[in-house]
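Presented below is the structure to which this report refers.
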Amino acid sequence: MTFRYTDYVRLKKGRYQSVGKFGEEIYAYEILTGVADSPEYHQISKEEFDSFESWGQQEPMDMKKFYEIKNRPALCGGYLGSEYLDTSRLQDL
């Protein structure tokens, strides 16, 4: 199954980020990056998705959790050459 970054379904929204899914099983964290706010998607676990309100929607946001997820490989994004989900980057979370 091939996913493009535009196949991401946003389910919960924070200030500059959201969490959602690709298909039925791939949970992802969306963050807007760069000057043009291009999206970048990092894999998260179901537990991280379920607890997004506690770490991603609080003021201030949990920066430790943010950097933990941000340092995971990007699955795909809005930049040229990274628009398709790279399944080799999926992890057992």
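Residues in the sequence shown are numbered consecutively from 700, following our numbering. Think of the CB as a built atom: it goes at the ideal place given N, C-alpha and C, for glycine as much as any other residue. Remember, predicted model here, so these are calculated numbers, not experimental data.
Helix, strand or coil for residue i? Go by DSSP, reduced to three states.
i	result
Trp725	Checking the displayed sequence, the identity of residue 725 turns out to be Ile instead of Trp. The answer is strand: DSSP assigns Ile725 an E or B state.
Arg771	coil
Among the residues of its own chain, which have a CB less than 7 Å from the CB of residue i, if the five just before and after it don't count?
i	result
Gly722	Met700, Phe702
Lys745	Tyr726
Gly777	Tyr704, Ser737, Pro738
Arg788	Pro772, Leu774
Ser717	Arg709, Lys711, Glu729
Lys720	Val708, Leu710, Tyr726, Ala727
Provide the residue(s) that pair with residue i in DSSP beta bridges, ordered along the chain.
i	result
Val718	Lys711, Tyr728
Keeping to the same chain, check which residues put their C-beta closer than 6 Å to that of residue i; ignore five residues upstream and five downstream.
i	result
Lys712	none
Between residue i and the rest of its own chain, which residues show a CB-CB distance below 8 Å, the 5 nearest in sequence each way excluded?
i	result
Ile768	Tyr728, His741, Ile743, Glu747
List the whole-angstrom C-beta distance separating residue i from residue j, where the pair is believed to meet the contact cut-off of C-beta under 8 Å.
i	j	result
Asp785	Leu774	6 Å
Tyr715	Leu731	6 Å
Unbroken stretches of the alpha helix (DSSP H), 4 residues or longer, contained in the stretch 731 to 790: If only complete runs of 4 or more residues are kept, the stretch 731 to 790 shows the alpha helix (DSSP H) at 745 to 749, 751 to 754, 762 to 769, in order along the chain.
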